[in-house]
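*Asks:* Residues in the sequence shown are numbered from 2 upward in steps of one, following this note's numbering. A virtual CB, placed ideally from N, CA and C, is assigned to each residue, including glycine. Quick caveat, the model's predicted, so the values are computed rather than measured. Take a look at the following structure, please.
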Amino acid sequence: GDSFAVILPRFEPHKAVAMLRLVLRKIWLLESKETEQGMQRPLTASAGIATLTAGDHCDSADLIGAAIDALLQAQNEGGNRVITSTQRPGQRELALVSANADVI
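So this is what it looks like as structure tokens:
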């Protein structure tokens, strides 16, 4: 599927989660996609969130990498969910927290 990034400066993480849950819900409510067998399948999306706070020292690659890792985790857990990375930019290890995983 397609991927894109959204940068939300001075946006509180819990508000980003709420906004992305709403976006995923709106996507779910769009018309279903027809499969090759003629069956209807709902459209879904997954989201990965990474945050940067004052005092964090990192480059854009660290922040984007954390968001991508969270996105892949959301997809691997079945999709249609939001996952927030708890990794501080610049850290090697990634800990993920499911943000009320299922949207629907």
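#1: Which whole-angstrom value describes the C-beta separation of residue 28 and residue 44, a residue pair presumed to lie in contact below a C-beta threshold of 8 Å?
#2: Rounded to whole angstroms, how far is the Cβ of residue 47 from the Cβ of residue 41, which I believe are closer than 8 Å?
#3: Kindly indicate which three-state DSSP category residue 38 falls into: helix, strand or coil?
#4: For the alpha helix (DSSP H) holding residue 61, just list the boundary residues, first then last.
#5: How far does the alpha helix (DSSP H) with residue 6 in it extend, from its first residue to its last?
#6: My understanding is that residue 68 touches residue 49, with C-beta atoms under 8 Å, so please give their C-beta distance in whole angstroms.
#7: Alpha carbon to alpha carbon, what distance is there between residue 37 and residue 25?
#8: Short check: CB of residue 64 to CB of residue 55, under 9 Å?
#9: Can you give me the start and stop residues for the alpha helix (DSSP H) that residue 30 sits inside?
#10: For the candidate residues 77, 30, 35 and 22, whose alpha-carbon lies nearest to that of residue 83?
*Replies:* On the basis of the coordinates in this document:
#1: 5 Å
#2: Wrong, their Cβ atoms sit about 20 Å apart, outside the cutoff.
#3: Coil, per DSSP.
#4: Looking at the DSSP string, the run of the alpha helix (DSSP H) that includes residue 61 is 61 to 77.
#5: First-last for residue 6: undefined, no H or E at that position.
#6: 5 Å
#7: 24 Å
#8: no
#9: 14 to 30
#10: When only C-alpha atoms are compared, the closest one is 22.
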